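Enquirer:
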Amino acid sequence: MSGKYRRNNKKGTGKKILILIFVLISLFCIIFFSARGRFQAPVAEQAVSIVLTPFQRAISWVGSQLNYVTSNVWEIATMHEQNKMLRNEVEQLRIQNLHASEYDAENQRLRALLGYKQTATQFDLVAARVIGRESATWSSVIKINRGTRDGVDVDMAVVTDKGLVGHVIEAGPTSAKVQLLLDPRSSVGTLVQRADSRVAGIVEGDMDNPTMPRMVNIPKTADVEEGDVVVTSGFGGVYPKGLNVGTVAEMRNDEGGLLKIAVLEPAVDFQKLEDVMVITASREAPPEPLKTPPQTPGTETDPAAQAAEQAAAANGDEDSSDSSSSDGSSSSDSSADSGEGSAQ
1 MSGKYRRNNK
11 KGTGKKILIL
21 IFVLISLFCI
31 IFFSARGRFQ
41 APVAEQAVSI
51 VLTPFQRAIS
61 WVGSQLNYVT
71 SNVWEIATMH
81 EQNKMLRNEV
91 EQLRIQNLHA
101 SEYDAENQRL
111 RALLGYKQTA
121 TQFDLVAARV
131 IGRESATWSS
141 VIKINRGTRD
151 GVDVDMAVVT
161 DKGLVGHVIE
171 AGPTSAKVQL
181 LLDPRSSVGT
191 LVQRADSRVA
201 GIVEGDMDNP
211 TMPRMVNIPK
221 TADVEEGDVV
231 VTSGFGGVYP
241 KGLNVGTVAE
251 MRNDEGGLLK
261 IAVLEPAVDF
271 QKLEDVMVIT
281 ASREAPPEPL
291 KTPPQTPGTE
301 TDPAAQAAEQ
311 AAAANGDEDS
321 SDSSSSDGSS
331 SSDSSADSGE
341 GSAQ
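For the sequence shown, the residue numbers in full-length UniProt numbering are 1 to 344.
Structure (structure tokens):
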């Protein structure tokens with residue numbers, strides 16, 4: 001086997017030597033005849049072209065392939081970079097659009113609050129932003145970014161342009177807590193706005209239905225209907241009169257059956273509560289309290305006893321007038337008798 005390999009190797013070596021000799025002879029001839037001028041230039045060029053054409057074609061093909069590959073690679077890299085830039089631009093535009101939408105929503109809320117402030121000239125209002133909610137009572141208490149430094153204090157009403165939100169229950173220098181209308185512990189004096197109704201009641205939060213407060217203490221025969229608007233009555237000194245509380249969504253009897261309950265759809269959307277206003281002062285005259293006659297200390301009596309005393313006093317005055325008139329008539333009669341006796 002080694003002998004066969006040697007024979008093949010010798011044959012390959014011989015072919016290489018022959019090719020090399022042919023190339024050398026060709027080059028020698030070309031150079032020789034070109035130098036002596038006996039070989040015309042076109043013939044020399046043709047010979048060189050014949051020898052070099054395969055190499056030129058191979059080099060040209062390799063170059064074209066390299067150019068094709070490099071151009072494709074460059075186009076792919078360029079497209080990838082452009083795609084990356086376009087993605088970044090799209091993301092920036094999306095963020096800008098998101099910010100623009102948020103600014104637009106905030107602008108609408110603030111413009112609504114500003115419009116309410118311009119129309120509610122009877123109130124001094126301080127704008128505030130909701131910055132937190134108590135996790136234990138999510139729908140009951142919120143925190144705002146205004147406090148005593150801004151004129152906010154306890155028992156001040158909090159509203160939006162839609163209606164009543166609640167009242168301040170705790171005030172710090174830079175923030176305050178607001179108990180919402182939905183809190184079961186809240187109690188708001190209200191009345192039906194309809195002119196031919198004006199039924200009074202108390203609105204409080206409902207633990208069984210935390211998103212819809214209820215108006216209680218309504219007499220069974222009271223004129224309250226679904227769709228009636230309920231506003232604050234002004235009694236109690238916390239909530240000014242006329243603030244929109246909500247609309248009657250349902251009427252039902254209480255457990256005892258003697259009174260009625262009105263379930264309200266609140267005027268304010270507490271799920272979307274972001275900006276509010278605190279009523280720091282009101283120039284609206286409060287409701288006049290019931291007038292009672294002055295009493296001397298230690299002599300207080302109930303109204304029934306006072307009425308009885310007044311009736312007795314009136315009867316006494318009538319008796320005294322009757323007795324005085326009868327005394328006058330008897331004296332005149334005695335004088336007449338004495339006159340007759342003397343005349344006789």
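All C-beta atoms in this analysis are idealised placements derived from N, C-alpha and C, irrespective of residue type, glycine included.
Just so we're clear, the structure is a prediction, and the values are computed from it rather than from any experiment.
List, from N- to C-terminal side, the beta strand (DSSP E) runs of 3 residues or more that fit wholly inside the segment 240-278.
Expert: Whole beta strand (DSSP E) segments, 3+ residues: 244-253 and 259-266.
Enquirer: So what's threonine 292 in DSSP terms, helix, strand or just coil?
Expert: Low local confidence applies: a pLDDT of 45 at threonine 292 is under 50, so the model's placement there is unreliable, with the coordinate-based value given in what follows. Threonine 292: coil per DSSP, three-state reduction.
Enquirer: Could you work out which residue in Gly237, Val231, Ser140 and Phe235 is closest to valine 245 when comparing CA atoms only?
Expert: Taking only the C-alpha atoms, the option nearest valine 245 is Val231.
Enquirer: Can you say whether aspartate 223 is buried or exposed, counting buried as having 16 or more other CB atoms within 10 angstroms of its CB?
Expert: Label assigned to aspartate 223: exposed.
Enquirer: Considering Cα atoms alone, identify which of Asn67, Pro240 and Leu191 is closest to alanine 262.
Expert: Taking only the C-alpha atoms, the option nearest alanine 262 is Leu191.
Enquirer: Go ahead and label methionine 207 buried or exposed: buried means 16 or more other beta carbons lie within 10 angstroms of its beta carbon, across all protein chains shown.
Expert: When all chains shown are included, methionine 207 counts as exposed.
Enquirer: In or out: arginine 66 buried (at least 16 other Cβ within 10 Å) or exposed?
Expert: Correcting the residue type first, residue 66 is leucine in the shown sequence and not arginine. Flag for leucine 66 reads exposed.
Enquirer: For threonine 160, tell me which candidate among Ser186, Val126 and Arg146 has the shortest Cα-Cα distance.
Expert: Checking every option, the nearest Cα to that of threonine 160 belongs to Val126.
Enquirer: Tell me whether valine 73 is buried or exposed, calling it buried when 16 or more other Cβ atoms sit within 10 Å of its Cβ.
Expert: Exposed, because fewer than 16 other Cβ atoms sit within 10 Å of the Cβ of valine 73.
Enquirer: Just to confirm the assignment, what range does the beta strand (DSSP E) spanning valine 229 have?
Expert: Where valine 229 is concerned, the enclosing beta strand (DSSP E) stretches over 229-232.
Enquirer: By the three-class DSSP mapping on this structure, what secondary structure does glutamate 204 have?
Expert: Reduced to three states, the DSSP call for glutamate 204 is strand.
Enquirer: With distance defined between alpha-carbon atoms, name the residue in Val188, Lys162 and Gly132 nearest to methionine 156.
Expert: Taking only the C-alpha atoms, the option nearest methionine 156 is Val188.
Enquirer: Can you tell me the Cα-Cα spacing of lysine 117 and phenylalanine 123, whole angstroms?
Expert: Roughly 8 Å between the two C-alpha positions.
Enquirer: Taking DSSP's pairing of strands, which residues face leucine 191 in a bridge?
Expert: DSSP lists Ala200 and Val231 as partners of leucine 191.
Enquirer: What did DSSP end up calling alanine 222 once you bin it into helix, strand or coil?
Expert: In the structure shown, alanine 222 sits in coil (DSSP, three-state: anything other than H, G, I, E or B).
Enquirer: Measuring CA to CA, which of Val238, Arg214, Ala58 and Ser233 is closest to residue 416?
Expert: Lying outside 1 to 344, the shown extent of the chain, residue 416 is not represented and no answer is given.
Enquirer: For residue 346, which of Arg194, Gly236 and Glu81 has the nearest alpha-carbon?
Expert: As shown, the chain starts at 1 and ends at 344. That puts residue 346 outside it, with no answer to give.
Enquirer: Taking alanine 157 as part of the beta strand (DSSP E), name the residues at either end of that continuous run.
Expert: Looking at the DSSP string, the run of the beta strand (DSSP E) that includes alanine 157 is 157-159.
Enquirer: Is there contact between the segment 165-179 and the segment 140-151, where contact requires at least three CB pairs shorter than 8 Å?
Expert: In short, these stretches touch, since the Cβ pair count reaches three.
Enquirer: Is valine 154 closer than 8 Å to alanine 128 when the C-beta atoms are compared?
Expert: Not closer than 8 Å, so no.
Enquirer: Taking the beta carbon of serine 101 as the centre, do at least 16 other beta carbons fall within 10 Å, making it buried, or is it exposed?
Expert: When all chains shown are included, serine 101 counts as exposed.
Enquirer: Any idea what DSSP makes of alanine 304, helix, strand or coil?
Expert: With a pLDDT of 44 at alanine 304, under the threshold of 50, the modelled position of that residue is not reliable, and no figure is offered here.
Enquirer: Under 6 Å Cβ to Cβ from leucine 273, same chain only, skipping five residues before and after it: list those, please.
Expert: Answer for leucine 273: Val130, listed in chain order.
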